[in-house]
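Peer 1: Okay, here's the structure, questions in a sec.
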Amino acid sequence: MAGPKANELMEKIVSLCKRRGFIFQSSEIYGGINGFWDYGPLGAELKRNVKELWWRSMTQLREDVVGLEASIIMHPKIWEASGHTSTFSDPMVDCLGCRKRFRADQIEPRSGTAYSYGGATDNAAVELIVSRILHGGPSPARQIFEDALRQEPEEEQRYKLAVGALLNSSDAGLVRLGEEMGSLLQKRVRVDEPFSVLLPPGKQADSARKAAKQFYHQRGVSNAKPFGERAGNVEITTRYCNECGSLLTEPRQFNLMFKTYVGPVEDPDSVAYLRPETAQAIFAQFKTVLEVSRQKVPFGICQIGKAFRNEINPRNYTFRSREFEQMELEFFIRPDEVVEKLAGSVAKHSEGMDLSTPRPTWGWEVWHRYWMEQRLNWYYSIGLPAKSLSCYWQSREKNELAHYAKACVDIQFDFPFGTQELEGIAARGDFDLAQHQKFSGKSMEYFDEEARTKYVPHVIEPSAGVDRLILALICHAYSEDQAPDEKGNPETRVVMRFHPRVAPVKVAVFPLLKNRPELVQKARQVRDLLRPHLTVFYDETGAIGRRYRRQDEAGTPFGVTIDFDTLGEKGPELKETVTLRERDSMKQERVKTADLPSLLLEKVR
Ligand code: GAP
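Add 6 to the 1-based position in the sequence shown for our numbering, that's all there is to it.
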């Protein structure tokens with residue numbers, strides 16, 4: 007669980023993201039919409055860089071993977087075949103008190119005293135009469151109510167007792183009063199719905215009554231008097247709301263797919279879904295891509311694109327969103343029997359095994375490890391160090407593994423709010439292709455010329471979330487250190503230490519002074535020299551130190567300053583040289599203007 011320090015860090019990160027234009031709430035001017043996010047100028051560049059690097063490493067730098075860009079809305083049968091229509095759901099609970107909705111498996115267990123109520127009534131009219139009787143002078147009616155008060159502590163029972171005594175009286179006036187009260191009690195609003203609330207140790211029962219009053223008030227009982235109060239200690243339960251303590255409903259399954267209608271008629275035949283993953287389009291197009299790309303198994307098809315899940319509880323900033331992007335690869339391999347037939351045996355994974363070059367003897371297990379290693383190396387290459395990443399093997403015993411999956415390993419990142427999944431790498435067997443073959447009636451078999459046999463290929467699926475990765479990169483990059491201000495006094499500097507490969511802006515160009523046209527003109531020339539090769543930000547306003555700080559916060563790894571030396575005012579040896587400042591070390595060196603493109607390109611590639 008995230009502690010106060012981690013929460014404080016997340017608050018700083020969220021605030022910087024908004025202030026500097028990495029990430030904004032979607033539809034902010036209308037109060038936002040939960041689970042949807044927009045990327046501002048810097049965020050959009052960062053995201054683009056990440057996707058391009060993934061695409062390049064998956065397709066352009068390999069011979070055995072090709073790309074696909076499929077539509078978001080597909081034939082609804084796809085989701086029947088994949089199992090999403092029937093099983094892509096989360097258990098959902100509603101809070102009876104605050105009415106918030108949660109995922110049942112995300113409720114934190116709590117202990118305390120549970121106060122339960124059988125229902126509530128609106129006793130205002132009866133209470134008014136009783137109060138007048140009790141506060142009037144001594145009378146037989148007052149005697150009856152005082153006796154009832156002594157005998158029966160529970161209000162409902164007490165009224166019944168008093169009305170019975172009034173009706174049994176020989177005094178006609180008292181009988182009339184009994185009839186009037188009996189009729190009021192019958193006519194009053196009454197709700198017999200049970201409610202309970204869990205109070206942490208040490209909390210007064212009054213707050214439980216207040217919660218119960220509010221609950222019954224919401225159900226139409228204006229002056230709600232909850233009745234049948236019972237209190238009991240409860241140990242480690244997930245039946246109560248973590249926010250307000252009220253009882254939760256029983257869990258119900260909630261399908262996470264966003265539904266829509268294709269065409270003008272909203273009937274069951276035109277129902278379609280926004281894809282909850284990009285993977286299924288790859289399976290559905292497997293045969294078509296195979297034919298046009300002339301690939302041979304083992305080979306892969308990859309895709310980057312939007313996915314949508316109507317998450318019950320979007321949380322942890324962009325970590326769990328309702329609209330997000332995935333980068334998925336479906337890598338098709340020979341079934342182990344075919345590998346054995348061809349190679350004589352199937353290589354199993356062993357510790358220290360060389361996974362750098364695929365071999366014909368590899369079975370699914372080694373391919374799975376291979377992709378795990380490839381993906382980890384990729385994360386290292388974009389600046390996430392090994393110590394921030396870990397691998398979690400899903401367990402069948404704990405019911406974490408999908409029934410068809412042979413294995414699944416999650417690559418996790420240490421977010422400030424806990425260690426969480428960035429990417430899942432699953433060995434899915436032939437489940438998906440076999441399902442589409444069954445549901446579409448079209449063969450998904452592949453004829454392996456080398457093995458002289460037909461089969462439905464098996465699949466290894468590395469599936470990463472772009473937005474989660476962006477969040478991981480932002481969290482990892484955020485740092486604070488001390489740097490001298492304009493007067494040389496130390497001040498806290500916020501620096502986004504992005505790896506130059508992913509940094510939204512690669513270099514900032516500054517003329518030392520804005521009011522010296524010759525400096526400005528030269529700086530603009532340098533900007534134009536670099537622009538065809540790198541993302542450049544040109545800034546001429548404010549003191550140079552402030553301009554450096556602004557770029558530190560944006561994560562720009564290099565700054566180039568054009569000063570009087572550049573113009574040759576201090577001598578010919580420094581003419582056409584600039585100061586190159588490095589973001590992290592703040593070190594400055596003098597370099598030739600003409601060398602800048604090659605020098606910087608080498609550093610950001
Ligand atoms: N095709 C397999 C698949 O979709 P998944 O584990 O459900 O598997 C893969 O999703 C990745 O997509 C996750 O590791 C995560 O990075 C990202 N992802 C899933 N749900 C997400 C959500 N609600 N918000 C942001 N990213 C999400």
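Don't be surprised by glycine CBs; every beta carbon is placed ideally from N, CA and C.
Using the DSSP secondary-structure output, state which residues sit across from G238 in a beta bridge.
Peer 2: Per DSSP, A120.
Peer 1: Taking the CB atoms as reference points, tell me whether L102 and T284 lie closer together than 8 Å.
Peer 2: Cβ atoms of L102 and T284: not closer than 8 Å.
Peer 1: Who are the near neighbours of A87 in its chain, counting only those whose CB is closer than 6 Å to its CB and skipping five residues on each side?
Peer 2: Cβ within range, chain order: Q441, H442, F445.
Peer 1: With a Cβ-Cβ cutoff of 8 Å, do R215 and P232 count as a contact?
Peer 2: Closer than 8 Å, so yes.
Peer 1: For Y398, report the span of its beta strand (DSSP E) as first-last.
Peer 2: Where Y398 is concerned, the enclosing beta strand (DSSP E) stretches over 395-399.
Peer 1: What is the residue span of the beta strand (DSSP E) that G430 lies within?
Peer 2: Segment 424-435, the beta strand (DSSP E) holding G430.
Peer 1: Alpha carbons only, please: which of A549, L204, L477, Q309 is nearest the one belonging to V20?
Peer 2: The residue with the shortest Cα to Cα distance from V20 is L477.
Peer 1: Tell me whether D111 is buried or exposed, calling it buried when 16 or more other Cβ atoms sit within 10 Å of its Cβ.
Peer 2: Flag for D111 reads exposed.
Peer 1: Should L525 and I568 be called a contact, given that it needs their Cβ atoms to be closer than 8 Å?
Peer 2: Cβ atoms of L525 and I568: closer than 8 Å.
Peer 1: Could you spell out where the alpha helix (DSSP H) holding E14 opens and where it closes?
Peer 2: Where E14 is concerned, the enclosing alpha helix (DSSP H) stretches over 10-26.
Peer 1: How many angstroms separate the CA atom of E486 from the CA atom of R533?
Peer 2: Going by the C-alpha atoms only, they are around 29 Å apart.
Peer 1: Which partner residues of C414 appear in the DSSP bridge assignment?
Peer 2: C414 pairs with A432.
Peer 1: Do T541 and P510 come within 8 Å of each other at the CB atom, strictly closer than that value?
Peer 2: Yes; because the gap between Cβ atoms is below 8 Å, this pair is in contact.
Peer 1: Is it buried or exposed for M7, if we count other Cβ within 10 angstroms and need 16 for buried?
Peer 2: Per-residue confidence for M7 stands at a pLDDT of 48, beneath the threshold of 50, marking its modelled position as unreliable; the derived number appears in the next sentence. Exposed, by the Cβ-count rule.
Peer 1: Considering only DSSP beta bridges, list what V566 is partnered with.
Peer 2: The partner list for V566 (beta bridge, DSSP) reads V515, L586.
Peer 1: Less than 7 Å between the CB of F338 and some heavy atom of the ligand GAP, yes or no?
Peer 2: No, the Cβ of F338 stays beyond 7 Å of every heavy atom of the ligand GAP.
Peer 1: Just how far apart, CA to CA, sit Y461 and D436?
Peer 2: So the alpha carbons of these two residues sit roughly 9 Å apart.
Peer 1: Candidates E582, G124, R148, F419: which alpha carbon is nearest A470's?
Peer 2: For the residues E582, G124, R148, F419, the minimum Cα distance to A470 belongs to F419.
Peer 1: Out of G118, Y165, K593, state which residue places its alpha-carbon closest to the alpha-carbon of G251.
Peer 2: G251 has its Cα closest to that of G118, out of G118, Y165, K593.
Peer 1: How about R340 and P463: are their beta carbons less than 8 Å apart?
Peer 2: Yes. Within cutoff.
Peer 1: Got a sec: does the ligand GAP put a non-hydrogen atom nearer than 7 Å to the Cβ of A413?
Peer 2: False, no ligand heavy atom lies under 7 Å from that Cβ.
Peer 1: Just checking my contact of A313 with E331 at CB under 8 Å: how many whole Å lie between their CB atoms?
Peer 2: Confirmed, Cβ separation roughly 7 Å.
Peer 1: Could you check if D44 belongs to the surroundings of the ligand GAP, using beta carbon to heavy atom distance under 7 Å?
Peer 2: No - the ligand GAP has no heavy atom lying nearer than 7 Å to the Cβ of D44.
Peer 1: Does the beta-carbon of C397 have 16 or more other beta-carbons within 10 angstroms, so that it is buried, or is it exposed?
Peer 2: With fewer than 16 Cβ atoms within 10 Å of its Cβ, C397 is classed as exposed.
Peer 1: In chain order, what residues of the same chain have a beta carbon less than 6 Å from the beta carbon of V203, not counting five sequence neighbours either side?
Peer 2: Once the five neighbours on either side are set aside, the close Cβ partners of V203 are Y121, A214, A217, G251, S252.
Peer 1: On the CB-based measure, 16 or more other CB atoms within 10 Å of its CB, does H90 come out buried or exposed?
Peer 2: The residue is buried, with at least 16 neighbouring Cβ atoms inside 10 Å.
Peer 1: By DSSP, does K312 sit in helix, in strand, or in coil?
Peer 2: K312 falls in the strand class under three-state DSSP.
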